[in-house]
Each structure stands twice: as C-alpha cells, then as structure tokens.
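Presented below is the structure to which this report refers.
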Amino acid sequence: MEKGLQLIDSHCHLDFKDFENDLPYVVARADTAGIFRLLTISTSLRELTKLISIAESYPAIYCTAGVHPHNAQSEGVNDPQKILNQLDHKKIIGIGESGLDFHYDFSEIDCQRQNFLSHIEASRTTGLPLIIHSRDADDEMSETLQREQKKGEFPFILHCFTGGQKLADIAIELGGFISVSGIVTFKNAGDLRSVIKTVPIERLLIETDAPYLSPVPFRGARNEPANLIYTFDELLKIKECSREELAFYTTDNFLRLFTKMPKLDTSIEKN
C-alpha cells in the first residue's frame with residue numbers, strides 16, 4: 007500500500023478463536039498494510055464482553071452489538087431494548103450483524119425475522135448503522151428493507167454483498183451502503199463483479215470478514231485484515247479509478263456511516 011493511503015476493514019471477527027494466539031501480530035500486519043481502523047463485529051451478545059475487551063485494547067479497533075441470524079434461535083432478540091441496553095460503551099459504534107440467512111438452517115426463519123426486526127428498531131431508535139447479513143434471501147430482504155424504511159429510516163450496510171442487481175439497486179435507492187469482501191476476487195464471481203460495477207463509489211465499503219473468505223491468492227487460508235489490500239486491488243479494476251480515489255471514498259463512506267467513530271484516531275497500536 008502506497009504511503010498516505012489509509013483503508014478501513016469494515017467487517018472482521020477478531021474475537022473468534024482463530025485469532026486467540028496471535029492477535030497482536032494480526033493487528034500489526036494490518037497497520038503495516040495501511041489498514042488503520044478495524045471494525046470487529048458482534049455475532050452473539052453473550053460474547054460482547056470479549057469483543058469490547060479487544061476494542062479497548064487497541065485505540066482504533068471498534069465493535070458492534072448484535073446477534074447473527076445463525077444464533078437467532080438460540081439467543082435471538084425479541085425486544086430491541088435488549089440491544090439498546092448494550093450501546094452506551096464508546097467503542098460500540100454499530101448494531102449487528104443481523105439479517106436473514108436462507109442458505110443454512112441453523113435457525114428457524116421466523117426466529118431470524120423477529121431477531122432482524124428487533125435490530126432494525128434499535129438502529130432506527132439510535133441512528134447507529136445496522137450491519138446486515140443477507141444470504142440467499144434477496145427477495146425477502148428487499149421487501150423487508152422497503153417496508154421497514156417506510157416506517158422510519160435507519161442507516162444500514164449490506165455486508166459481504168453477494169446478492170443480485172435488484173437487491174443492490176433497492177439498497178442504494180434506500181440510502182444504504184454495499185460492502186465488498188474477498189469473494190469479489192474469486193474466479194467464479196463474475197456476476198458479483200458486474201453488480202459491484204454499477205454501485206456508486208459513494209456507497210461502497212470494503213471488508214475482509216476475517217477469518218473467513220480470504221481473497222485470491224490466499225483463498226482457503228485463514229483470512230486477516232491485512233489481506234484487505236487484495237480486495238481493494240480487485241475493486242480498483244472494477245471501478246476503474248485511481249488508488250487515491252478509491253481509498254478516499256471507501257474510508258470516507260465508512261466515516262459518514264459510522265458517525266460515532268472519532269475522526270482523528272489513526273493509530274492501531276496497542277495501549
């Protein structure tokens with residue numbers, strides 16, 4: 007990464023066991039690669055204390071609070087107040103991830119729906135952005151976003167976007183953001199690249215979803231925030247813009263969306 011270009015990994019899972027033994031080195035490699043802020047995402051309120059501890063240990067690592075759709079049946083949120091009660095900490099800057107996953111059957115669909123709606127209400131109440139997980143659920147996700155936005159606006163991002171053109175268009179029309187992961191580097195991701203090409207650069211973010219979805223040339227290995235540069239380079243080819251322009255917009259978009267994050271804290275060295 008050229009000097010002066012600073013990127014943000016908008017979605018990773020640094021509390022997962024994959025990083026138990028070498029997290030300081032993972033963070034250091036991200037810093038060296040020019041990834042100057044990391045957002046580590048909640049999948050379970052039961053694990054939120056661990057997530058906050060990591061965020062408190064590194065000045066520019068922040069976190070969210072929420073329940074992943076895979077966990078909706080075992081610990082789904084039926085009352086948005088359960089999420090609202092977690093949001094006072096200065097390091098918690100977003101809500102989620104939550105949403106709909108019809109690819110796996112880890113949680114009953116009705117549990118996922120109720121969990122998702124509670125997260126939407128928490129986002130609507132606070133104005134904190136909602137990180138949305140959507141897999142094989144384009145039609146219902148589109149309908150839900152349109153219906154719920156009519157009830158009252160809430161900021162949101164479709165993370166690790168793998169949906170179709172219709173969902174992308176609806177998300178943009180509703181003021182949402184699209185986050186691109188390492189999947190965009192995969193050989194068989196031609197359809198995804200075509201969709202991403204149509205997304206305005208003012209609505210794009212980038213992420214690793216680490217420890218998952220390592221980009222080419224590391225596909226199959228544990229992913230980490232430093233690998234964000236490979237997704238960035240692929241996105242450059244798709245958007246046909248300069249490195250400076252893409253770095254500016256993906257970072258500025260993040261800071262416009264996650265307004266609770268201080269703007270001047272640029273170091274990720276450990277306290």
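At position 115 of the sequence shown (counting the first as 1) the number is 121 in our numbering, and the numbers step up by one without a gap.
Note that the Cβ used here is the ideal one computed from N, Cα and C, for glycine as well.
Owing to the predicted nature of the structure, the values given are computational and were not obtained by experimental measurement.
Where residue i falls, given that 16 or more other Cβ within 10 Å makes a residue buried
i	result
Asp144	buried
Gln118	buried
Arg52	exposed
Arg262	exposed
Gly182	buried
His125	buried
Asp107	buried
Ser273	Model confidence at Ser273 stands at a pLDDT of 43, short of 50, so the residue's coordinates are unreliable; what they give is reported in the following sentence. The residue in question, Ser273, is exposed, as its Cβ has fewer than 16 Cβ neighbours within 10 Å.
Thr265	exposed
CA-to-CA distance, residue j to residue i, given in whole angstroms
i	j	result
Ala227	Ser220	6 Å
Ala34	Val73	28 Å
Lys97	Val222	32 Å
His19	Pro217	7 Å
Glu246	Val205	13 Å
Phe160	Leu180	9 Å
Gln155	His76	24 Å
Ser80	Glu251	43 Å
Phe122	Gln92	16 Å
Cys69	Gly105	17 Å
Thr168	Thr256	18 Å
Asn27	Ser48	20 Å
Asp116	Glu103	17 Å
Glu146	Glu208	25 Å
Thr132	Arg199	33 Å
Gly196	Phe112	29 Å
Close beta carbons around residue i, own chain, < 6 Å, minus the five adjacent residues each side
i	result
Ser16	Leu45, Ser185, Leu211, Glu213 and Phe260
Ala278	Because the chain here runs from 7 to 277, residue 278 falls outside it and cannot be looked at.
Ile41	Leu13, Asp15, Pro231 and Leu234
Asp271	Legend: pLDDT at Asp271 = 46, less than 50; position of this residue unreliable, value from coordinates given subsequently. Cβ neighbours of Asp271 beyond the five flanking positions: Pro65 and Ala66.
Asp24	Pro217 and Arg228
Ser141	Note that residue 141 is Arg in the sequence shown here, rather than Ser. Result list for Arg141: Asp107 and His109, in chain order.
Glu240	Val190 and Thr191
Neighbourhood of residue i by C-beta, 8 Å cutoff - its chain only, sequence neighbours within 5 removed
i	result
Pro268	none
Ile6	Residue 6 lies beyond the residue range present for the chain, which begins at 7 and ends at 277; the question has no answer from this structure.
Thr237	Val186, Ser187, Gly188, Val190, Thr191, Ile212, Glu213, Thr214 and Pro221
Ile60	Leu20, Asp21, Leu29, Thr46, Ile67 and Cys69
Bounding residues of the beta strand (DSSP E) (the contiguous stretch that carries residue i)
i	result
Tyr68	Ile67 to Ala71
Leu44	Ile41 to Thr46
Ser278	Past the boundaries of the shown model lies residue 278; the chain is included only from 7 to 277, so the question cannot be answered.
Gly102	Ile98 to Asp107
Within-8 Å CB hit, residue i to chain D
i	result
Ile137	No chain D is part of this structure, which consists of one protein chain only.
7 Å Cβ shell around residue i - same chain, five flanking residues per side excluded
i	result
Ser148	Lys172, Leu173 and Ile176
Leu57	Asp21, Thr46, Ser48 and Cys69
Extent of the continuous alpha helix (DSSP H) to which residue i belongs
i	result
Ile176	Gln171 to Glu179
Arg119	Ile115 to Thr132
Asp24	Where Asp24 is concerned, there is no enclosing alpha helix (DSSP H), given that its DSSP letter is neither H nor E.
Ser187	It is not in any alpha helix (DSSP H) - Ser187 carries neither H nor E in the DSSP assignment.
Leu234	Leu234 to Lys245
beta-carbon residue i near the ligand SAH non-hydrogen atom, thresh 7 Å
i	result
His19	Looking for the ligand SAH in the displayed structure turns up nothing, as the structure carries no ligands at all.
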